[in-house]
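First the structure, in the form of structure tokens, and then the observations on it.
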Amino acid sequence: MSSDDPGLLAPFYRESLDAGSVAKDTKHNNYRLNKARVRSAGADNDDLHLVGQNLVLSFDAVTLTGTISSSIASHRSYSLYFAREKDASGKEVVLNADGYPVNATWTTEDNLYHTPVSMVKPALDANGHLVPIGSARYERHEGVILSRDALYLGDLINRPAPAVNNGVLVTLKHGTVWTVTGTSYLTGLTIEHARIAAPGGKKVEMTVNGVPVEIKSDGTYSGDVVLSLRAN
25 MSSDDPGLLA PFYRESLDAG SVAKDTKHNN YRLNKARVRS AGADNDDLHL VGQNLVLSFD
85 AVTLTGTISS SIASHRSYSL YFAREKDASG KEVVLNADGY PVNATWTTED NLYHTPVSMV
145 KPALDANGHL VPIGSARYER HEGVILSRDA LYLGDLINRP APAVNNGVLV TLKHGTVWTV
205 TGTSYLTGLT IEHARIAAPG GKKVEMTVNG VPVEIKSDGT YSGDVVLSLR AN
């Protein structure tokens, strides 16, 4: 991604439309609580994780119903798209939602820190639509959100999926009952005098690193933990 705040470090946000292309950060551990010293805006931050945050959840004497999982997040809307291919100037070919090239120019602007960055400016017709300029169709490789459409950043679609760089560590204790309603991908599960249940007519099954494992009322499981439902 270029920036999660268009206009701050980069004038647009970009993300791959192929979630499988996200690279694993080998320095990050999905299976434990991570702490790392980093520097942000010139200051030390012991607990700030700019890359590879794990979600750590602890439930004490409560009743839960639903899915808890790592997920793939994608945005529902984009301003435009980039193809893998580059144009004659070496810039990405700019596309509309149908994959056709559109009229757009590239300029250079200063970001918040007065660093020159490349900016794409698409032409719009009288109705505010992108203007196609060619008949050749390309595969959409990246979705792009321009600063004018910054509200798109908060409109996400989350789909449960195995963790890549963001683990999910769950602790259930003191009589907590979690009724699982859909496939849940975790990287750590601790059960302390608690229970995992299924909706009526269903049974919960668990695998750890692909191996079936019995769910007990007390136990700690670390790895690629998958909870799924099957007919009872």
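Residue numbering for the sequence shown follows the working numbering, beginning at 25 and increasing consecutively. The beta-carbon is built from N, C-alpha and C at its ideal position, and this holds for glycine as well. Just so we're clear, the structure is a prediction, and the values are computed from it rather than from any experiment.
Apart from the five residues just before and just after S252, which ones in its own chain have a Cβ nearer than 6 Å to its Cβ?
T207, E229, listed in sequence order.
Touching or not, the stretch 188-196 and the stretch 141-151, by the rule of three or more beta carbon pairs under 8 Å?
Output reads no: the stretch 141-151 does not touch the stretch 188-196.
Would G212 and A85 qualify as a contact pair, given that the criterion is a beta-carbon distance under 8 Å?
Their beta carbons are not under 8 Å apart, which means G212 does not touch A85 by this criterion.
With H, G and I counted as helix, E and B as strand and the rest as coil, what does DSSP make of G206?
Coil at G206, not helix or strand.
Whose C-beta lies closer than 7 Å to the C-beta of G243 among residues of the same chain, with five residues either side of it excluded?
Around G243: I215.
Among G178, Y102, L88, which one has its Cα closest to the Cα of V194?
Nearest C-alpha to V194: L88.
Between the C-alpha atoms of R183 and V235, what's the straight-line distance to the nearest angstrom?
When rounded, the distance between both Cα atoms is 23 Å.
Start and end of the beta strand (DSSP E) containing V237?
From DSSP, the beta strand (DSSP E) with V237 extends over 235-237.
For G167, report the span of its beta strand (DSSP E) as first-last.
Note, G167: beta strand (DSSP E), 166-170.
Taking just the CA atoms, how far does Q77 sit from N53?
Rounded to the nearest angstrom, the two C-alpha atoms are 9 Å apart.
Sort A112, R254, K197, P35 by Cα distance to L81 and report the nearest one.
The shortest C-alpha separation from L81 is found at K197.
Using the rule of at least 16 other Cβ atoms within 10 Å of the residue's Cβ for burial, across every protein chain shown, is G167 buried or exposed?
The residue is buried, with at least 16 neighbouring Cβ atoms inside 10 Å.
Go ahead and label V204 buried or exposed: buried means 16 or more other beta carbons lie within 10 angstroms of its beta carbon, across all protein chains shown.
Its Cβ being crowded by 16 or more others within 10 Å, V204 is buried.
To the nearest angstrom, report how far apart A67 and I157 are at their CA atoms.
A caution first: A67 carries a pLDDT of 46, below 50, which makes its placement in the model too unreliable to give a value.
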